[in-house]
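Chemist:
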Amino acid sequence: MEPIFIRAPGNHRRCAAALVLLLASLGIVPACGKGGSGGPSALLITLDTTRWDALGANGGIPGTTPHFDLLARESVLYDQAHTVTPLTMPAHASMLTGLYPPRHTVRDNDVWVLPAEIHTLAELARRKGIQTGAVVAALVLHEHYGLNQGFDHYGQPELEELKGGRTTVQRPARQVIDDAIAWLAERDRSRPFFLWVHLFDPHAPYEPPLAFRGGALAGNPYQGEVSYMDQEVGRLIDRLRDDGTLEETFVMVVGDHGEALEQHGERTHGFLLYEPTARVPFLVRYPDGTGAGTRSAEMVSVVDVFPTLAEALEIAPPADIDGLSLYRRTVPEGRGIYLETYNSFLAFGYSPLLAWMDARGKYVHCNRPELYDVASDPLEVTNLAAERPELVTEYSARLRALAARPAARPRSGSGLAPEMRDALRALGYVGALGGESADFPGFDALADLDLPSPAIATEIHLATLEGVNLCLEGHLAEAEERLGEVLSFIGRNPCALEYLALSRINQGTQAKKLEAIAPLEELVRLRPELGFSHFQLAICLWAAERYPESGEHLRKALELEPDNLEYMSQAVPMLRQMGRVEEAWAIDQRVRKLDTEGKYGARGQ
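Per my numbering, the sequence shown starts with residue 86, numbered consecutively.
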């Protein structure tokens, strides 16, 4: 008998699923959608910077996310889903590997690359013969950082877009969805697929299209961005529904982290671990309608994305991962999850934050421990750490047990093209770029560090960001004054030191360039692995005629970033003037070899 194709639009989907089972019991096997893919497919949609309550289905502004709300009625919604860190790159690394950040070692944006020895879901899928595609919206997920491992196609913002001073480093949702639809149209329909679609629109600055600025969205540009993203996701889902692909595709929609929107004194995300940035949307849609319209209060994490998708694709994931498969399963009672942010430490000089959370509470470890009963205190107002020392002890032990588990060897993300580095700064990634690992010798994030808690320094943090923005906008004298005030409160603030130095350098006078030496010397003392800072210090020391010291920092910059054409092209004339002609000639030849576009060329000819 010929296979019977069954389409189940709208509310009839559960009835159609029952009919499929009945036909199967009679020996009649329906085809899997139009063309039949020969196996299950999966779609992962990740929503950058999207709060849990930004969706109407989760109590958001009614009518502003109709497509997500429709998808929610067809899915299982997890109300207690959390990120592993409120930062884009490490959160996505956990989604695609099933590992917490201490194990995959990506601890911040712009800094680390996913180690090649770690197996991603795309790699396992491709080995099984599944077509793999990804379309990402932001430069922070560029293939430079290693998440492209295993993808046959990896659509991303192109570095070509950065030339000529342009800083368009994110792609709007319409462009991302257009590319995803094009990939789906070109795929081999006889084979299953795994497609990852990443959307970045709600990330600051909030600039929604005009059509998403009025009505219920008036005065709320963040929600306008979410609503615009909702429209485009709806367009993708409608296309899959129309051509029958949705009937054979397992769908996950997951936020990578939320957005604080001034709650707890935090403007955006990454600095603290409170619920506005830690809790995320998380929904799972089964092709056969399993659990449609139900809500789960189970404790889940973005680290569960990898094993859940693997099981949906009939792939066996590695045994030693941190995530749990949610595929037609319940979560074990008492399950706990891990969260962290190192951004507060690496970029701003405060204590890193490590957290353990389960149904009983949420513990945040730093030199000012915090413990909240989130169920009864959702705004995290009452710190119970002093009242419940037994929970603090238990959760601390959980953190130490995770820290003791096997981890990959960190890979440095240094060596960015200058255009890429500058564009990331323009996008708002203000931490010093480059580096290898926060776990340098002698550093123990679980020790009693003599560093202030970021939770009590939010005003200073906002002042730091204000100074950074003044520098980026060209208000250099004002930036210098503001950042100087910040450093009078906390001197070991790498971000403030870097941008104070840049605000002085960019004022263009000899005197200001010399004044930049002191903050740069402190910066390289605190973060010796930052090639860009060594390079800037070398230039300033050269201006001060401190040539031997300048040469040492220039050499260090080239050691850290050996393929950086910007550094090499500056080094050639400096080395010649120092009489190191052979060394200058060797670097000049390397510049000529690597600079295929002729952008830098040889200097000092």
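Glycine included, C-beta positions come from ideal geometry on N, C-alpha and C.
(1) Which residue's Cα is closest to the Cα of Ile322: Asn143, Leu269 and Pro579?
(2) Measure how close the beta-carbons of Val390 and Val339 come, nearest whole angstrom, since I'm counting them as under 8 Å.
(3) Just to confirm my understanding: we take Pro491, look at its own chain, exclude 5 residues before and 5 after, and list those with CB closer than 8 Å. What are they?
(4) As a quick exercise: from Glu351, Glu630, Phe297 and Ala471, pick the residue whose alpha carbon is nearest that of Thr695.
(5) Anyone know if the C-beta pair for Pro293 and Gly309 falls short of 8 Å?
(6) Please state the DSSP three-state secondary structure of Val254.
(7) Have a look at Thr478, Asp462 and Leu531 and flag the residue whose alpha-carbon is nearest the alpha-carbon of Ala489.
(8) Here's the rule I'm using: 16 or more other beta-carbon atoms within 10 Å means buried, otherwise exposed. How should Arg494 be labelled?
(9) Based on DSSP bridge pairs, tell me the residues matched to Glu455.
(10) How many angstroms separate the CA atom of Arg320 from the CA atom of Leu156?
(11) Where does Ile400 land, buried or exposed, given buried means 16+ other C-beta within 10 angstroms?
(12) Please state the DSSP three-state secondary structure of Ala93.
(13) Are Met180 and Val225 closer than 8 Å when you measure CB to CB?
(14) Determine the direct distance from the alpha carbon of Asp195 to that of Gln234, and round the result to whole angstroms.
(15) Thinking just about the alpha-carbon of each residue, which of Thr182, Glu271 and Gly569 is nearest to the one in Gly218?
(16) Tell whether a beta-carbon distance below 8 Å holds between Pro287 and Asp154.
(17) Any idea which residues DSSP pairs Gly240 with across the strands?
(18) I need the boundaries of the alpha helix (DSSP H) containing Leu715, first residue and last residue.
(19) Return the first residue and the last residue of the alpha helix (DSSP H) that Ile590 is part of.
(20) So what does DSSP say about Leu409, is it helix, strand or coil?
(21) What's the C-alpha gap between Leu585 and Pro604?
(22) Where DSSP assigns a beta bridge to Val282, which residues make up the other side?
(23) Return the first residue and the last residue of the alpha helix (DSSP H) that Trp441 is part of.
(24) From the DSSP secondary-structure annotation, give me the bridge partner or partners of Arg364.
(25) Using the rule of at least 16 other Cβ atoms within 10 Å of the residue's Cβ for burial, across every protein chain shown, is Gln216 buried or exposed?
(26) Output the boundary residues of the beta strand (DSSP E) element that contains Ser381.
(27) Mind the definition here: the segment 417-428 touches the segment 366-380 only if three or more C-beta pairs lie below 8 Å; say whether that holds.
(28) For a test of the three-state rule: what should DSSP assign to Phe356, helix, strand or coil?
(29) Can you tell me whether DSSP reads Leu199 as helix, strand or coil?
(30) Please check if any C-beta of chain D sits within less than 8 Å of the C-beta of Gly123.
(31) Return the bridge partner residues of Glu425 from the DSSP annotation.
(32) Are the Cβ atoms of Leu476 and Leu456 separated by less than 8 Å?
(33) Provide the residue(s) that pair with Leu162 in DSSP beta bridges, ordered along the chain.
(34) Using three-state DSSP, classify Gly340 as helix, strand or coil.
(35) Checking the sheet assignment: what are the DSSP bridge partners for Thr334?
(36) Over what stretch of residues does the alpha helix (DSSP H) that includes Ser179 continue unbroken?
Modeler: Taking the definition as stated:
(1) Translated into the one-based positions of the sequence shown, residue 322 becomes position 237. Answer by Cα proximity: Leu269.
(2) Within the sequence shown, residue 390 is the residue found at index 305, counting from 1. Within the sequence shown, residue 339 is the residue found at index 254, counting from 1. Confirmed, Cβ separation roughly 6 Å.
(3) Here residue 491 corresponds to residue number 406 of the sequence shown, with the count starting at 1. For Pro491, where only same-chain residues beyond five positions count, the Cβ hits under 8 Å are Arg188 and Asp405.
(4) Here the chain has residues from 86 to 690 only, and residue 695 is not among them.
(5) The residue given as residue 293 occupies position 208 in the sequence shown. The residue given as residue 309 occupies position 224 in the sequence shown. With respect to Gly309, Pro293 sits close: the two C-beta atoms are nearer than 8 Å.
(6) To locate residue 254, count along the sequence shown from 1; it is residue 169. Note: Val254 maps to coil in three-state DSSP.
(7) One-based indexing of the sequence shown puts residue 489 at position 404. Of the candidates Thr478, Asp462 and Leu531, the residue whose Cα lies closest to the Cα of Ala489 is Leu531.
(8) The residue you call residue 494 lines up with position 409 of the sequence shown. Exposed: under 16 other Cβ atoms inside 10 Å.
(9) By 1-based counting over the sequence shown, the position of residue 455 is 370. For Glu455, the pairing in a beta bridge is given by DSSP as Val449.
(10) For the purposes of this step, residue 320 is identified with residue 235 of the sequence shown, where counting begins at 1. For the purposes of this step, residue 156 is identified with residue 71 of the sequence shown, where counting begins at 1. C-alpha separation (whole angstroms): 12 Å.
(11) Position 315 of the sequence shown holds residue 400. Classification of Ile400: buried, given that the 10 Å Cβ count is 16 or more.
(12) The count along the sequence shown starts at 1 and reaches residue 93 at position 8. Model confidence at Ala93 stands at a pLDDT of 30, short of 50, so the residue's coordinates are unreliable; what they give is reported in the following sentence. Of the three classes helix, strand and coil, the one that applies to Ala93 here is coil, per DSSP.
(13) Here residue 180 corresponds to residue number 95 of the sequence shown, with the count starting at 1. Here residue 225 corresponds to residue number 140 of the sequence shown, with the count starting at 1. No. Outside cutoff.
(14) As a first step, residue 234 is located in the sequence shown; it is residue number 149 there, counting from the start. As a first step, residue 195 is located in the sequence shown; it is residue number 110 there, counting from the start. The alpha-carbon atoms of Gln234 and Asp195 are separated by roughly 17 Å.
(15) Residue mapping note: residue 218 aligns to position 133 of the sequence shown, counting from 1. Gly218 has its Cα closest to that of Glu271, out of Thr182, Glu271 and Gly569.
(16) Along the sequence shown, one-based indexing puts residue 287 at 202. Along the sequence shown, one-based indexing puts residue 154 at 69. Not a contact, by the Cβ cut-off of 8 Å.
(17) In the sequence shown, counting from the first residue as 1, residue 240 sits at position 155. Here Gly240 is bridged, per DSSP, to Val220.
(18) The first residue shown for the chain is 86 and the last is 690, placing residue 715 beyond what the model contains.
(19) Position 505 of the sequence shown, counting from 1, holds the residue named residue 590. It spans Pro579 to Ile590 - the alpha helix (DSSP H) in which Ile590 sits, taken as one unbroken run.
(20) Reading the sequence shown from its first residue, position 324 is the one you call residue 409. Coil.
(21) Along the sequence shown, one-based indexing puts residue 585 at 500. Along the sequence shown, one-based indexing puts residue 604 at 519. The alpha-carbon atoms of Leu585 and Pro604 are separated by roughly 7 Å.
(22) Translated into positions along the sequence shown, residue 282 becomes position 197. Paired residues: Ile130 and Val220.
(23) Residue numbering aside, residue 441 sits at position 356 when the sequence shown is read from its first letter. Annotation for Trp441: no alpha helix (DSSP H) segment contains it, though the beta strand (DSSP E) segment containing it runs Leu438 to Asp443.
(24) Looking up residue 364 in the sequence shown gives position 279. His167, per the DSSP bridge assignment.
(25) For this step, residue 216 is matched to residue 131 along the sequence shown. So Gln216 ends up on the buried side.
(26) In the sequence shown, residue 381 corresponds to position 296, counting from 1. From DSSP, the beta strand (DSSP E) with Ser381 extends over Thr379 to Ser386.
(27) Touching, no, given that fewer than three Cβ pairs across the two stretches are closer than 8 Å.
(28) Along the sequence shown, one-based indexing puts residue 356 at 271. Phe356 carries a coil assignment under DSSP once its states are collapsed to helix, strand and coil.
(29) For the purposes of this step, residue 199 is identified with residue 114 of the sequence shown, where counting begins at 1. The answer is coil: DSSP assigns Leu199 none of H, G, I, E or B.
(30) The structure shown contains no chain D, having only a single protein chain.
(31) Position 340 of the sequence shown holds residue 425. According to DSSP, Glu425 bridges with Leu439.
(32) Taking the first residue of the sequence shown as position 1, residue 476 is located at position 391. Taking the first residue of the sequence shown as position 1, residue 456 is located at position 371. Closer than 8 Å, so yes.
(33) In the sequence shown, counting from the first residue as 1, residue 162 sits at position 77. Under DSSP, the beta-bridge partners assigned to Leu162 are Leu368 and Arg380.
(34) Locating residue 340 in the sequence shown gives position 255, counting from the first residue. DSSP, read as helix, strand or coil, puts Gly340 in strand.
(35) Counting from one through the sequence shown, the residue named residue 334 turns up at place 249. Thr334 is bridged to Ser126.
(36) As a working note, residue 179 is residue 94 in the sequence shown. Thr173 to Thr182 is the span of the alpha helix (DSSP H), which, as asked, contains Ser179.
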